[in-house]
Ligand code: NAD
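Residue numbers (the working numbering): 192 to 671.
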């Protein structure tokens with residue numbers, strides 16, 4: 192599979208070169224260079240924002256049904272091109288090809304759902320309270336040109352969430368994917384353009400992330416920023432938006448707890464937890480991290496979970512036998528080493544893994560740490576990698592308190608066969624998504640978003656679309 196020649200899309204044109212120079216993109220499975228990414232300087236950034244304003248004035252005027260048809264055709268093109276896009280995704284991001292393929296087809300489903308919902312962005316008529324008013328209505332209109340920022344861990348799904356919703360709602364976009372994984376986003380942008388999106392309404396830039404963000408958010412044309420990324424960058428972009436009272440959606444980091452109750456179906460809980468923990472090498476915002484296991488199951492859980500983790504086959508994502516690919520870059524491998532050293536240094540037990548794998552590429556062993564003290568790094572900071580921590584609990588109250596103890600609140604999970612316990616966990620866990628006996632909390636028709644420092648706003652579901660709209664009240668009076 193050829194890695195495509197990289198280009199930015201600015202003001203209706205593909206640009207293989209840009210004023211900010213270029214940087215290499217690497218294959219994380221073997222560290223080989225894949226291509227050279229042009230970087231936008233101030234010229235291209237300002238040109239992209241200005242084009243987004245012009246494109247918005249055209250795109251917003253298309254009838255909702257026409258926009259829906261175009262956006263849905265982009266989803267159709269993604270399905271047709273799924274094999275090719277998935278290969279590129281695996282080359283630059285590292286995940287197993289089967290995961291990449293599922294990501295691309297799920298991206299198409301998300302885009303479809305948002306496009307369909309855009310047909311139903313209803314307003315309402317409100318009866319007037321006094322004479323002299325003929326009617327009062329409340330309508331929703333597109334918020335305007337949006338600056339969108341996405342990370343490298345889901346290079347198809349995260350751009351698809353933002354582009355599908357923004358374009359369906361009638362907004363234009365300047366998207367900045369992660370510089371590590373630009374080609375997947377480029378192929379998604381190409382699908383939208385091939386489907387008939389107004390070229391100036393869809394711009395893609397890469398560059399120095401801080402400069403791109405500050406330039407775009409300060410630009411008068413941009414009305415909203417939407418970031419998927421870390422809590423630290425979310426706070427920074429939130430500040431930049433607040434200074435100009437611009438709309439902001441932040442889908443930020445997580446540190447998901449899993450409560451395994453005494454009545455859990457143990458083989459099922461183990462199997463699904465292993466699959467969820469090591470999917471995408473743990474580089475998933477809702478990846479389970481903290482396993483609180485009822486003491487009656489704890490010894491068995493710790494042994495079998497670490498056996499399962501050790502048995503995973505590591506390798507390049509394009510090898511069909513691979514179950515877990517590499518991390519995205521060397522910095523993440525070093526970060527994993529710090530998490531392990533810190534926990535072990537504070538008295539935790541390393542049940543398996545804990546080391547980089549000595550081969551080309553950024554591989555780190557699936558790792559399980561038992562009884563890490565609450566002040567250790569891994570208990571406080573999102574590891575965003577293949578590390579799980581396990582510890583026992585006796586009373587459910589205590590497990591819930593520990594689950595809620597961090598400033599994160601994205602995904603949270605539990606295993607129980609008791610309906611009342613399931614209901615209680617659903618009510619009491621502080622998180623945007625709670626999965627009981629199920630890790631699949633990211634579905635096109637359901638809102639996905641974080642509580643506390645894990646974010647502001649949601650993506651997907653009807654809620655995801657509404658975040659790309661403004662509310663307008665219109666009163667029409669009768670001249671006396
Ligand atoms: P990151 O915050 O470093 O990067 C995210 C985006 O912000 C990228 O486009 C990046 O280039 C840009 N960026 C980086 N530094 C910047 C700066 N100083 N100013 C402006 N923009 C900047 O995150 P990452 O390490 O690429 O991705 C991992 C994070 O994303 C994790 O915390 C993960 O939990 C989170 N995430 C959240 C969700 C969700 O839906 N809540 C989904 C996936 C990933």
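Here a beta-carbon is modelled for each residue, glycine too, at the ideal position from N, C-alpha and C.
| Check | Outcome |
| --- | --- |
| Buried or exposed: where does residue 491 fall if 16 or more other Cβ atoms within 10 Å of its Cβ makes it buried? | exposed |
| Is residue 420 close to ligand 1? I mean its beta-carbon at under 7 Å from any heavy atom of the ligand. | yes |
| Find the nearest neighbour of residue 446 within the set 567, 283, 250 and 481, judged by alpha-carbon distance. | 481 |
| With a cut-off of 8 Å, do at least 3 Cβ pairs link the stretch 471 to 479 to the stretch 600 to 610? | yes |
| Less than 8 Å between the beta carbons of residue 361 and residue 318, yes or no? | no |
| From residue 327 to residue 235, what does the alpha carbon distance come to, in whole angstroms? | 43 Å |
| Alpha carbon to alpha carbon, how far is residue 591 from residue 641? | 18 Å |
| Whole beta strand (DSSP E) runs in the stretch 541 to 574 with 3 or more residues, listed along the chain? | 558 to 561 |
| Look at the Cβ atom of residue 387, then the Cβ atom of residue 301, and state whether they are nearer than 8 Å. | no |
| Please state whether DSSP places residue 372 in a helix, a strand or coil. | coil |
| Expressed to the nearest angstrom, what Euclidean distance is found between the alpha-carbon atoms of residue 248 and residue 615? | 49 Å |
| Using the Cα positions of residue 222 and residue 551, report the straight-line distance between them to the nearest angstrom. | 7 Å |
| For a minimum of 3 consecutive residues, which ranges assigned as the beta strand (DSSP E) are wholly contained in the stretch 450 to 507? | 479 to 485 |
| Grab the span of the alpha helix (DSSP H) containing residue 163 for me, first residue to last. | A query on residue 163 cannot be resolved here, the shown segment of the chain reaching from 192 to 671 and no further. |
| Return the bridge partner residues of residue 229 from the DSSP annotation. | 213 |
| Evaluate the contact criterion for the stretch 426 to 439 versus the stretch 622 to 635: three or more CB pairs, one atom per stretch, below 8 Å. | no |
| Just to confirm my understanding: we take residue 448, look at its own chain, exclude 5 residues before and 5 after, and list those with CB closer than 6 Å. What are they? | 481, 594 and 603 |
| Kindly list the residues whose CB is nearer than 7 Å to the CB of residue 524, restricted to its own chain and excluding five residues on each side of it in sequence; keep chain order. | 518, 547, 553 and 555 |
| Considering only heavy atoms of ligand 1, does any lie closer than 7 Å to the CB of residue 444? | yes |
| Of all the options 489, 358 and 507, which has the alpha carbon lying nearest to the alpha carbon of residue 583? | 489 |
| Would you grab the beta carbon distance between residue 417 and residue 484 for me? Rounded to a whole angstrom, and I think it's under 8 Å. | About 37 Å; that fails the 8 Å criterion. |
| Please classify residue 663 as buried or exposed, where buried requires at least 16 other C-beta atoms within 10 Å of its C-beta. | exposed |
| Which residues in the same chain have their Cβ closer than 6 Å to the Cβ of residue 621, if we skip the five residues on either side of it in sequence? | 595, 600 and 642 |
| Tell me which residues share the same chain as residue 353 and place their Cβ nearer than 6 Å to its Cβ, disregarding the 5 neighbours each side in the sequence. | 339 and 417 |
| Per DSSP, which one or two residues make a beta bridge with residue 430? | Answer is none; residue 430 lacks a bridge partner. |
| If you run the structure through DSSP and keep just helix, strand and coil, what is residue 668? | strand |
| What residues match up with residue 599 in a beta bridge as DSSP calls it? | 643 |
| Please indicate yes or no: does the CB of residue 476 lie closer than 7 Å to some heavy atom of ligand 1? | yes |
| According to the Cβ coordinates, are residue 370 and residue 214 closer than 8 Å? | yes |
| Would you say residue 544 and residue 559 are within 8 Å of each other, going by their C-beta atoms? | yes |
| Express the C-alpha separation of residue 463 and residue 380 in angstroms, rounding to a whole number. | 34 Å |
| Pull up the distance between the alpha-carbon of residue 342 and that of residue 368, whole angstroms please. | 6 Å |
| For residue 625, count neighbouring C-beta atoms within 10 Å of its own C-beta (all shown protein chains included) and say buried if the count is 16 or more, exposed if not. | buried |
| Are the CB atoms of residue 516 and residue 220 nearer to each other than 8 Å? | yes |
| Using only CA atoms, which one of 284, 204, 671 and 255 lies nearest to residue 471? | 284 |
| Just curious, the beta strand (DSSP E) that residue 332 is in, first and last residue? | 324 to 333 |
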